[in-house]
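Student:
In the numbering used here, the protein residues as written are 7 to 643.
1) How is residue 441 classed by DSSP in three states: helix, strand or coil?
2) According to the Cβ coordinates, are residue 361 and residue 324 closer than 8 Å?
3) If you compare alpha carbons, which of 148, 578 and 489 is closest to residue 614?
4) Could you tell me the alpha carbon to alpha carbon distance between residue 531 and residue 379, rounded to whole angstroms?
5) With DSSP as the reference, label residue 580 as helix, strand or coil.
6) Does residue 89 come out as helix, strand or coil in the three-state DSSP assignment?
7) Using only CA atoms, which one of 414, 131 and 198 lies nearest to residue 540?
8) Please return the same chain residues whose Cβ sits closer than 7 Å to the Cβ of residue 249, not counting the five positions on each side in sequence.
9) Would DSSP call residue 345 helix, strand or coil?
10) Can you list, in chain order, the residues of its chain whose CB lies under 8 Å from that of residue 101, leaving out five sequence neighbours each side?
11) Between 401, 16 and 567, which has its C-alpha nearest residue 82's C-alpha?
12) Can you tell me which of the three DSSP states residue 541 falls into?
13) Given that a residue counts as buried once 16 or more other Cβ atoms are within 10 Å of its Cβ, and exposed if not, what is residue 401?
14) Ends of the alpha helix (DSSP H) at residue 123?
15) Do the CB positions of residue 262 and residue 580 come within less than 8 Å of each other?
16) If I measure Cβ to Cβ from residue 349 and keep anything under 6 Å in the same chain, skipping five residues before and after, which residues do I get?
17) What's the call for residue 609, buried or exposed, on a 16-neighbour Cβ count within 10 Å?
18) Using 10 angstroms around the beta-carbon of residue 259, count the other beta-carbons present and answer buried if the total reaches 16, otherwise exposed.
19) Alpha carbon to alpha carbon, how far is residue 198 from residue 521? Give it in angstroms, no decimals.
20) What number of angstroms, rounded off, separates the C-alpha of residue 569 from the C-alpha of residue 634?
21) For residue 629, count neighbouring C-beta atoms within 10 Å of its own C-beta (all shown protein chains included) and say buried if the count is 16 or more, exposed if not.
22) Tell me residue 588's beta-bridge partners as DSSP assigns them.
23) Do you know how far the Cα of residue 11 is from the Cα of residue 545?
24) Is residue 496 helix, strand or coil when you go by DSSP?
25) Buried or exposed, going by whether 16 or more other CB atoms sit within 10 Å of the CB of residue 464?
26) Can you tell me which of the three DSSP states residue 446 falls into?
27) Quick one: using the 10 Å Cβ neighbour count with 16 as the cut-off for buried, is residue 583 buried or exposed?
28) Tell me residue 281's beta-bridge partners as DSSP assigns them.
29) Would you mind reading off the limits of the beta strand (DSSP E) that contains residue 129?
30) Sort 87, 21 and 24 by Cα distance to residue 37 and report the nearest one.
31) Can you give the beta carbon distance from residue 238 to residue 276, rounded, assuming they're within the 8 Å contact cut?
32) Please look up how many angstroms separate the CB atoms of residue 406 and residue 472, rounded, as I've assumed it's under 8 Å.
33) Please name the residue in 537, 620 and 563 whose C-alpha comes closest to that of residue 184.
34) By Cβ distance, which residues of its chain are closer than 6 Å to residue 623, with the 5 residues on each side in sequence left out?
35) Could you pull the start and end residues of the beta strand (DSSP E) that residue 210 belongs to?
36) Is residue 111 closer than 8 Å to residue 146 when the C-beta atoms are compared?
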């Protein structure tokens, strides 16, 4: 695996590939600023000098894992730009995947085009902020890979050559291009952390899943199995006297146990899979595109209109009694008198003259009320696309600070889960303002560090606070102030530096032990998604279980003899892989599972036979997934 970048995401991604997937990594980073640049003439000469003059080899100090071999070495190369010479010397022509995570879109695109030319079978993962451009680049690079792979296959068939080996050839998904952004990859983890307090989540086809550690059940207590039991924790992990990391002693964790092992495990905690859900108050029901009558006129104006209507009705009834006229004609005469367009009742009886004067008086009162109604209606229609204010009785909502790139994506995910949100943004022209108007989300415009801004967002009645501005000190100040207002508030703050985020988390945990506080860096949250894309598009994510890792993948049954033609129970291999769900949207005839297009089916019966056209979501260990996908295992060096 080759990783090229210029910020913390590149280092975090390399660590994820080594620690989780046990891959051999070549990391290409810019030269250290502490080293004075050598005077060189020419761009190629400077790149070559930076490449060969500043090469460092760092050996990872990890220990052996029972799921794989020793942690492979990492080669760190320093180069100003990912030129063709740099990519070639990093081994792109022999690599399985390349991640380009520079902060500049143009640099990533230029390097991706070069890398695709050097190795048409290379898996590419790009970090692009422009999502629309990213879709076009992804299609372009995939098309180039397919054409190059077709030409190579034809050449090999003509000369009697052999196809690709391992897991890096033969499948279109293995040479695909994946374009990701920080906002899209961090939004699911931030949403899950705000709702349930954990970032151990997997985004399975738009469905958020979390791994929950549960204590051993008490005598006579039946534990909730969740969607399924992923692992049994080590025998000493629940020992109150054990130190952190005591799972190294005694019986270690047992991944993907069968039903007999779960039933026989006494006194051991378990890791179960659950769906992330929201238990707070629901959103108020409203019809899209229809403005309610109550939003057009204020309550005082509505009462005024009701009083005038009652007065008109009373005058019409009185006119009927006095003149013994037909009701419709009496109402007509009353309205004429009301609008002062009727002839004066000079020769009429006294009662009719009094009623005409009263009708004229009511008409005078009606004019300002009608004018106020018109002005309010015009103002309401004019501000229908403007920002809404938080309702007075709002409670149990999520306060979101910052409507930038990441805040906008988190807002969209929260609304997809039907969670009430109140946003706070200092810049009226922020990119997320248009999204907030379209989704009709209340927004408080103001600096969160100013007094009264968080109170306007009803922070004292909120369930969670998401501080996602681009300024670390602003996020930290907002969380500290919210803690003074509501000590038990669930708070999640975004910090740029990973070490700083860890320090803040430990301090807040010590200061507020009863409250749930999570500090997350963008690189820490985005790295798993980038690493999973480098392993292949079928990788959905990874969840750590003590010192081991469980991978989640979406696999097509066709071509896998361990799955095709077998029942769900027969395809389950304890300790290696387990089928969790069936994607009914992948095929139109699911044989009674659920109607087509209904998404993932989790309650698959053990007797369901997996067919060639099925696409399943499964959990697997590293070694089990490598065996299932036919990838070669790397031997220790």
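Even glycine gets a Cβ: it sits at the ideal position worked out from N, Cα and C.
Tutor: Let me lay it out:
1) Shown here, residue 441 sits in a helix according to DSSP, grouped into three states.
2) Cβ distance < 8 Å, so residue 361 and residue 324 count as in contact.
3) It is 578.
4) One Cα belongs to residue 531, the other to residue 379, and the distance between them is close to 51 Å.
5) DSSP places residue 580 in coil when its eight states are reduced to three.
6) It is coil, neither helix nor strand.
7) Of 414, 131 and 198, the residue nearest in Cα terms is 131.
8) Legend: pLDDT at residue 249 = 36, less than 50; position of this residue unreliable, no value from coordinates given.
9) In the structure shown, residue 345 sits in coil (DSSP, three-state: anything other than H, G, I, E or B).
10) Shown here for residue 101: same chain residues with a beta carbon closer than 8 Å to its own, the five before and five after excluded, namely 7, 8, 32, 125 and 128 in chain order.
11) Cα-wise, what sits closest to residue 82 is 16.
12) Helix at residue 541.
13) Label assigned to residue 401: exposed.
14) That run of the alpha helix (DSSP H) goes 111-124.
15) Remark: C-beta atoms of residue 262 and residue 580 approach each other more closely than 8 Å.
16) So the list is empty, once near-sequence residues are dropped.
17) Exposed, since its Cβ has fewer than 16 Cβ neighbours within 10 Å.
18) The residue in question, residue 259, is buried, as its Cβ has 16 or more Cβ neighbours within 10 Å.
19) Distance between the alpha carbons of residue 521 and residue 198: 16 Å.
20) Rounded to whole angstroms, residue 569 to residue 634 spans 9 Å at the Cα level.
21) Classification of residue 629: buried, given that the 10 Å Cβ count is 16 or more.
22) Beta-bridge pairing links residue 588 to 607 and 622.
23) Each residue's Cα considered, the two are about 22 Å apart.
24) If DSSP states are grouped into helix, strand and coil, residue 496 belongs with the strands.
25) Counting C-beta atoms within 10 angstroms of its own C-beta, residue 464 has 16 or more neighbours from the protein chains shown and is therefore classed as buried.
26) The answer is coil: DSSP assigns residue 446 none of H, G, I, E or B.
27) Of the residues assessed, residue 583 falls on the buried side of the cut-off, its CB having 16 or more other CB atoms within 10 angstroms.
28) For residue 281, DSSP records a beta bridge to 215.
29) Per DSSP, the continuous beta strand (DSSP E) segment holding residue 129 begins and ends at 129-133.
30) Relative to the Cα of residue 37, the nearest Cα in the group 87, 21 and 24 belongs to 87.
31) The pair is a contact, with the Cβ atoms about 6 Å apart (cut-off 8 Å).
32) By a beta-carbon distance limit of 8 Å, residue 406 contacts residue 472. Their separation comes to about 5 Å.
33) Check the Cα spacing between residue 184 and each of 537, 620 and 563: the tightest is with 537.
34) Excluding positions up to five away in sequence, the list reads 210, 560, 586 and 587.
35) Annotation: the continuous beta strand (DSSP E) that includes residue 210 extends over 207-210.
36) No, the Cβ-Cβ distance between residue 146 and residue 111 is not below 8 Å.
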